[in-house]
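By UniProt numbering, the letter at position 479 of the sequence shown is numbered 479, and the numbering carries on one by one without gaps.
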Amino acid sequence: MKDTPNEIIEEEVFNNKVWLEATTLNMLPGEVVTFTIDDKSDNNADPVITQTTVNKDGKAFVLLELNNEIEHDQKVITSIEDSGYFKKGWWSIDEAGEQPITRAVPGMHVYFHIETTISDGEQVYVELYEDDNNEKEETGRGDKDEHQALVSTVTKEPSKYKIVNRGKIIKSIILDNFESSIDEDVDKQIELYFRCSYNKENVELPYNSNDYLVVGTLVIDRYKMPGLNGSGTDIANDLSYGTGKPRLCENEDDKFVACKIYDNGQVPKFKVEYESNGFDEEKHALFTNKKDLPVVESVLKKTNEDQGEVTEVSPNRFSVIIEETTRAKIDKTYVKTSKADDYYRQSEYTAQQATRNLKAKYTKEEIENLGDMMKVTVNTGESYLWLDFKIMEGLMVWGKLSSVLDQMIAKFRSNTGGIFENMTLTNSVKNNPSTKNYCRYVENYIAEKIKQETFQNITKIEDKEPDFEEKDEKNSLRRKKDKIKGKNIISDKLKLPVSFTRPSFTYKNNNNLLEGRTLAINDIWATEVILKELRNKEENYTVKYQVTLWDNFGLDKPDMQKFFYHGAGFRAWFVLQHIYGYKPFVTKITFEKEFKGNIKEGREERLKKQKIKEEELTPAQKRDWNKATSPLPSGSKW
């Protein structure tokens with residue numbers, strides 16, 4: 001074979017295809033020819049090596065395609081006026097491009113449209129990118145935006161080029177495999193756009209970044225918040241703990257009651273962060289008792305131990321707990337005496353007690369006034385209280401949750417607060433009739449919102465703001481938001497539709513007491529529902545959603561004013577928390593569910609179908625169904 005002469009290939013400016021031809025000597029048809037092609041514009045670039053075979057005429061041909069990809073340092077046209085080829089780019093929910101969108105959920109089938117002056121039949125480089133303005137630059141690229149490779153569902157190969165047809169390019173995209181990108185993003189959502197290139201013209205479409213497609217999950221519902229009371233103003237009472245000596249403040253009736261636990265800045269900040277990004281276990285550790293409030297400093301500090309001198313320091317906001325009478329006794333005369341150490345120790349002890357009661361709600365007197373049996377329990381030794389607690393568990397809990405209760409009691413005894421999660425508990429709750437029925441109402445609500453807003457306006461389904469307990473039940477905010485079980489599911493008391501809030505596991509229903517759910521969680525405190533995925537095909541869809549249920553493993557006074565006051569184990573639990581200062585903690589249950597729907601069927605249409613299914617149940621199943629579907633009881637969680 002005679003070597004072919006070296007030739008420099010000029011860039012083809014009208015097309016991205018170049019044919020390389022070589023004429024061979026002394027080679028038979030079918031023999032392999034290797035081409036080595038150097039990029040003269042980049043001395044650091046590796047040569048391109050490709051092979052082909054000789055045809056019957058002794059020639060070998062190789063098709064080269066120019067790389068039209070936009071690099072980070074290339075000039076990008078940013079307006080329609082400056083573009084000669086690309087006129088417009090937009091996202092839509094339909095192939096015709098008549099229903100534009102800027103918000104989507106993972107799993108959705110969407111389209112990207114490009115209007116162009118490029119001739120029909122020409123190939124255009126079109127690749128998807130994620131706008132990462134908040135992310136660090138990728139190593140070695142200097143490009144903050146992340147490439148999102150698209151793979152053809154037919155060839156299973158990367159899809160980088162599209163052919164112009166009737167002056168348009170349409171990309172059909174299923175928004176899959178974005179979970180990790182969304183989870184890692186600061187805002188828990190990503191913004192998608194396309195980089196397009198043809199004949200040295202590079203653009204990023206849509207031209208306006210406000211028209212990028214925002215992809216992320218949607219918060220559907222939040223009922224109350226983990227760690228806060230029913231009104232969202234302070235600590236949940238059953239998460240409080242102490243030794244019966246709370247800080248007291250005077251109320252409007254001139255009575256002294258326990259002061260607010262959290263200051264005026266902590267709760268509003270928590271609410272804003274929760275509404276924006278959900279619950280963060282580390283950032284919000286104060287509200288699960290994993291993190292403590294700042295310790296109370298002693299009002300007296302030693303300066304010279306040998307001389308026994310002490311000095312008074314400025315108190316922090318909690319130091320007012322230390323009695324004024326104690327401080328009044330310490331003047332310049334007393335601090336010079338030999339009893340200075342006694343004053344110092346007394347001040348230190350008082351500060352330590354104040355620290356132990358930073359989250360206390362009830363005085364010892366209040367607790368003893370709950371009844372004679374409680375007075376006896378308050379004066380029972382700690383070891384006997386733990387014994388009563390364990391005996392109660394052994395007598396009342398049978399089955400799979402017995403070991404879970406052991407873990408929960410051990411966590412309570414460890415006095416560390418925080419969050420408790422357990423898969424056995426999660427499965428028990430998920431498969432309970434009350435939870436299934438709650439999820440049915442959630443699904444019907446989502447279906448109703450999709451029917452009202454359609455796929456195009458999916459963002460209108462989102463509701464990040466938590467709903468708290470309301471005194472005016474007739475003008476319920478949840479009812480105004482249409483978060484109801486059904487138009488014909490009416491409250492006997494109010495004669496109005498009943499809103500759905502959370503599942504409940506009271507001792508009266510579904511063997512909750514003996515199976516351990518009543519002790520472990522009983523009445524769910526707060527809930528969160530997130531739409532994770534929506535797969536749309538014409539008018540049908542499949543929704544995947546995530547439910548998070550929060551409860552507090554602790555007791556408050558209303559719990560002791562009900563039937564469970566008569567149980568020695570429950571009284572022991574209460575005293576361990578509010579007299580011995582053991583920290584309650586937050587229980588978290590998270591699971592995912594799916595349901596199918598049609599865009600024309602909302603809540604009432606689905607309820608009619610579900611009513612038919614209910615009529616097919618056996619009498620025993622109906623009893624469980626009715627117990628689970630009855631409106632939630634009011635008052636204490638027991």
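For glycine and all other residues, C-beta sits at the position ideal for the given N, C-alpha and C.
DSSP three-state call for residue i: helix, strand or coil?
| i | result |
| --- | --- |
| S298 | coil |
| F178 | coil |
| E366 | helix |
| P558 | helix |
| K329 | Any answer about K329 is weak, because its pLDDT of 43 lies below 50 and its placement is not dependable; what the coordinates show is given next. It is coil, neither helix nor strand. |
| K336 | The predicted position of K336 is uncertain, since its pLDDT is 46 and thus under 50; no value can be drawn from it. |
| W638 | Any answer about W638 is weak, because its pLDDT of 38 lies below 50 and its placement is not dependable; what the coordinates show is given next. The answer is coil: DSSP assigns W638 none of H, G, I, E or B. |
| C439 | helix |
| Y384 | helix |
| N431 | coil |
| residue 639 | As displayed, the chain neither begins before 1 nor continues past 638, which places residue 639 out of reach and without an answer. |
| F318 | Any reading at F318 needs caution, since the residue's pLDDT is 49, under 50, leaving its predicted position unreliable; the model's value is listed next. Coil, per DSSP. |
| K593 | strand |
| R535 | strand |
| R103 | strand |
| D263 | coil |
| V587 | Looking at the sequence shown, residue 587 is not Val but Thr. T587: strand per DSSP, three-state reduction. |
| E250 | strand |
| T542 | strand |
| S491 | coil |
| G89 | strand |
| D82 | helix |
| R141 | Low confidence applies here, because R141 scores a pLDDT of 42, under 50, leaving its location unreliable and the question unanswered by this model. |
| D341 | helix |
| S231 | coil |
| S172 | strand |
| I521 | coil |
| D238 | helix |
| I450 | helix |
| V151 | strand |
| L28 | coil |
| D120 | coil |
| N277 | helix |
| I579 | coil |
Just checking my contact of residue i with residue j at CB under 8 Å: how many whole Å lie between their CB atoms?
| i | j | result |
| --- | --- | --- |
| T426 | I589 | 5 Å |
| T377 | K583 | Not a contact, Cβ separation roughly 19 Å. |
| I80 | K87 | 6 Å |
| Y129 | S197 | About 12 Å; that fails the 8 Å criterion. |
| F35 | T50 | 5 Å |
| M560 | M374 | 7 Å |
| Q352 | K245 | That pair is no contact at about 11 Å. |
| F455 | N357 | No, F455 and N357 are not in contact; Cβ-Cβ is about 54 Å, not under 8 Å. |
| G278 | D176 | No, G278 and D176 are not in contact; Cβ-Cβ is about 23 Å, not under 8 Å. |
| H113 | W90 | 6 Å |
| L555 | D238 | 6 Å |
| I174 | Y111 | At roughly 11 Å, the Cβ-Cβ gap does not stay under 8 Å, so I174 and Y111 are not in contact. |
Kindly identify the DSSP beta-bridge partner or partners of residue i.
| i | result |
| --- | --- |
| A60 | A22 |
| T527 | Y223 and L549 |
| T50 | F35 |
| W573 | Its beta-bridge partners do not exist; DSSP assigns none. |
| E130 | E146 and L192 |
| Y125 | Y161 and S197 |
| I419 | V586 |
| N598 | N540 |
| L425 | Its beta-bridge partners do not exist; DSSP assigns none. |
Quick one: give me the first and last residue of the beta strand (DSSP E) that residue i is part of.
| i | result |
| --- | --- |
| S197 | Q189 to Y198 |
| Y111 | H109 to T116 |
| V214 | L213 to G216 |
| F500 | Careful: F500 lies outside any beta strand (DSSP E) and carries neither H nor E. |
| A258 | F256 to A258 |
The alpha helix (DSSP H) spanning residue i covers which residue range?
| i | result |
| --- | --- |
| S402 | L401 to S414 |
| V378 | D372 to V378 |
| K481 | Careful: K481 lies outside any alpha helix (DSSP H) and carries neither H nor E. |
### Message
If contact is defined by three or more beta carbon pairs under 8 Å, each pair taking one atom from either stretch, is the region 537-555 in contact with the region 465-477?
### Response
no
### Task
Taking 8 Å as the threshold, find out whether the region 442-459 comes into contact with the region 602-610 through three or more Cβ pairs.
yes
### Task
Determine, using beta-carbon pairs with one atom in the region 366-381 and one in the region 542-553, whether at least three such pairs fall under 8 Å.
no
### Message
Across the region 149-161 and the region 207-222, are there enough close Cβ pairs to call them in contact, namely three or more that are closer than 8 Å?
### Response
no
### Message
Pairs of beta-carbons, one from the region 234-245 and one from the region 160-179, closer than 8 Å: are there three or more?
### Response
no
### Message
Does the structure place the region 566-573 close enough to the region 255-265 that three or more beta carbon pairs sit under 8 Å?
### Response
no
### Message
When you compare the region 432-441 with the region 497-504, are there three or more beta-carbon pairs, one atom per stretch, that lie closer than 8 Å?
### Response
yes
### Message
For the region 403-412 against the region 594-604, do three or more pairs of beta-carbon atoms, one drawn from each stretch, fall closer than 8 Å, so that the two count as touching?
### Response
no
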